[in-house]
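To convert, note that position 123 of the sequence shown is 126 in this note's numbering; the numbers rise steadily by one, no gaps. Cβ atoms here follow ideal geometry from the backbone N, Cα and C, with glycine treated the same way. Remember, predicted model here, so these are calculated numbers, not experimental data. This report concerns only the one structure given below.
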Amino acid sequence: MMKQLVLAAALFGIVSTAALADDRYATRPPVVLSPDLTAPWINQLGGGAVRPVVYQRPVIRQPQRGIFQRRALRQAPQAAPQTVSAINPGIPSIRRPIEPQFRPQMVDYDTTEKPGTIVIDTNNRFLYLVMEGGKARRYGVGVGKPGFEWAGAHKITRKTEWPDWTPPSEMISREAAKGHYLPARMDGGPENPLGARAMYLGSTLYRIHGTNAPWSIGSAVSSGCIRLRNEDVVDLYDRVNVGTRVIVM
Numbered sequence: 004m005m006k007q008l009v010l011a012a013a014l015f016g017i018v019s020t021a022a023l024a025d026d027r028y029a030t031r032p033p034v035v036l037s038p039d040l041t042a043p044w045i046n047q048l049g050g051g052a053v054r055p056v057v058y059q060r061p062v063i064r065q066p067q068r069g070i071f072q073r074r075a076l077r078q079a080p081q082a083a084p085q086t087v088s089a090i091n092p093g094i095p096s097i098r099r100p101i102e103p104q105f106r107p108q109m110v111d112y113d114t115t116e117k118p119g120t121i122v123i124d125t126n127n128r129f130l131y132l133v134m135e136g137g138k139a140r141r142y143g144v145g146v147g148k149p150g151f152e153w154a155g156a157h158k159i160t161r162k163t164e165w166p167d168w169t170p171p172s173e174m175i176s177r178e179a180a181k182g183h184y185l186p187a188r189m190d191g192g193p194e195n196p197l198g199a200r201a202m203y204l205g206s207t208l209y210r211i212h213g214t215n216a217p218w219s220i221g222s223a224v225s226s227g228c229i230r231l232r233n234e235d236v237v238d239l240y241d242r243v244n245v246g247t248r249v250i251v252m
């Protein structure tokens, strides 16, 4: 009799629990699946054309740094190598604007020399073309480097447009000893170191000429010749004649 009562109580508990469970979930809203999630199943059944897109989060792996691992140092940028003109050995080919004082300009100039005379001040890197009324037209020039300075008075004996260049044998030997090999002769043109014009001084090897290295104006870089920018030597060339007196000091 006791066993029957216990069995009946157990059955009653199971039935009541199921009923309570049904009552608890009777009011829960129905589950609604996103169309993106149902799309694969619909496609498998032959309906619908939308396939869900799955976006994966990129995995970023941070490098592990040991306790004694040396930190990489950022190297300082290295300066670009300085190039050198093959035709003008030793002259840096880094272009820079000419300084204002070396541009052609009219200046006051007190001298006893006659108008039309050329006076070259090698210390200050100026060429003066003496004019009337205590004036002069001043140009910036490049002059002889140390050991190649000279002074004296000559006359212009020849004028040439776009002159050829034949380096003296002494210059060829001197530059070859430095590892710079010069051509035996070079035709006139923009690459020629004598530039657009040349005015030869007496029977010497010296000239007033242009240059294909205008950034060298104002410096002592030549083997004794006086150089001007091409546009400036053309201007001077048109203002003077053969026989013009030239004073270098």
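What's the gap between the Cα of residue i and the Cα of residue j?
i      : j      : result
GLY182 : HIS157 : 34 angstroms
PRO171 : GLY227 : 12 angstroms
THR214 : GLY198 : 4 angstroms
PRO291 : ALA179 : In the structure as shown, the chain starts at 4 and stops at 252, and residue 291 therefore has no counterpart that could be examined.
THR207 : VAL249 : 13 angstroms
THR169 : PRO196 : 10 angstroms
GLY137 : MET252 : 20 angstroms
MET134 : ARG128 : 19 angstroms
Using a Cβ-Cβ cutoff of less than 7 angstroms, which residues in the same chain neighbour residue i once the five nearest sequence positions on both sides are dropped?
i      : result
ILE175 : LEU185
ASP190 : ASP167
For residue i, list the residues DSSP reports as bridge partners.
i      : result
THR214 : For THR214, which the question treats as bridged, DSSP gives no partner whatsoever.
THR163 : ALA201
GLN108 : ARG141
LEU208 : Its beta-bridge partners do not exist; DSSP assigns none.
ASP124 : PHE129
LYS158 : ARG248
Shortest alpha-carbon distance to residue i belongs to which of the options?
i      : options                        : result
PHE105 : ILE121, GLY119, ARG140, PRO118 : ARG140
LYS162 : ILE250, PRO196, GLU152, ARG210 : ARG210
ALA154 : ILE229, GLY246, ARG242         : ILE229
ALA223 : THR115, PRO100, MET134, GLY143 : GLY143
ARG101 : PRO217, PHE151, SER225         : Per the sequence shown, the amino acid found at residue 101 is Ile instead of Arg. Considering only alpha carbons, the answer is PRO217.
GLU234 : VAL122, GLU164, THR114, TYR112 : GLU164
Which same chain residues, not among the five before or five after residue i, have their C-beta less than 6 angstroms away from its C-beta?
i      : result
TYR325 : With the chain represented from 4 up to 252, any question about residue 325 goes unanswered, as that position is not in the structure.
THR125 : VAL146
LYS148 : ALA223, VAL224
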